[in-house]
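These notes are about the structure you will find just below.
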Amino acid sequence: MKIPKLKHSESIMPTAFTVGSFWRWAYSDILSNANWGVFAEYLVASALGAVDHARIEWDAFDIAYGGTKIEVKSSAYLQSWPQKRPSAIRFDIGKKLSWTADTNEYSPRPHRPADIYVFCLLAEKDRSRVNVLDTTQWQFYVLPREVLDAELGEAKTLSLKVLEGLTEPITYQKLKLAIDELVQNQKRSFQADGRET
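In structure tokens form, the structure reads like this:
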């Protein structure tokens, strides 16, 4: 299933407004957790060059990268509303029934549907400096599903401390290389097991 991308200049008929004016109105509060989660998905997709098609809101995973399914999880210390202290960092990793857009079917049992998980942390804690659009303020942690299943089993959430015990943070610039290496490792593992990739 592919959704065509709108152009910012497309008209909202029969008004003087455009899709671009809607986007500015709806998404300018990019520090809101409802918006930086989608932006984190875009960062990962853009690093991989996987932005040709619009995202599918309710698909079982966030990014199709060749034959690899990637799920993006995000968290941040700061939100757009006033806070007494920075937020605790936790990521949702619970197994769920998933719906696949291409087949319009649900999985038969709860599971983690992606091959690779990318955990994105907006790491800036200074409200006067935080800038969601600055990729240097983001940290990325990349893990294969097999590690989550083996190390965390039925856990529903993942703390930053546990995550840092499983892998190291990388920058936006190194994200594609890290994911490509995992993809190749998974392909070699499948071939060694006699499975198709």
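For what it's worth, my numbering labels the leading residue of the sequence shown as 75, then goes sequentially.
Even for Gly, the Cβ is constructed at its ideal location relative to N, Cα and C.
The structure displayed is predicted, hence computed values, not measured ones.
Excluding its 5 nearest sequence neighbours in each direction, Ile86 has C-beta neighbours in its own chain below 8 Å: Thr92, Val93, Ser95, Phe96, listed in chain order. Residue pairing from DSSP places His185 in a beta bridge opposite Lys170.
Contact between the region 208–226 and the region 151–161 is absent: fewer than 3 CB-CB pairs across the two stretches fall below 8 Å. Residue state for Leu256 is assigned as helix, using DSSP reduced to three classes. By the CB criterion at 8 Å, Leu171 and Lys250 fall outside the cutoff. The beta carbon of Glu255 lies closer than 6 Å to none in the same chain, with the five residues before and after it left out. In this chain, the beta strand (DSSP E) harbouring Lys143 covers 142–150. By the C-beta criterion, the region 185–196 is judged to be in contact with the region 157–173, since at least 3 inter-stretch pairs fall below 8 Å. Taking the C-beta atoms as reference points, Leu80 is found no nearer than 8 Å to Val206.
Look at the beta carbons and you see the region 178–189 not touching the region 235–244: under three pairs across the two are nearer than 8 Å.
Secondary structure of Arg129 (DSSP, three-state): coil. Here Tyr116 is not near Asn109, since their CB atoms are 8 Å or more apart. Between Lys261 and Ile167, the C-beta spacing is not below 8 Å. Looking at the DSSP output, Tyr139 bridges to Thr142.
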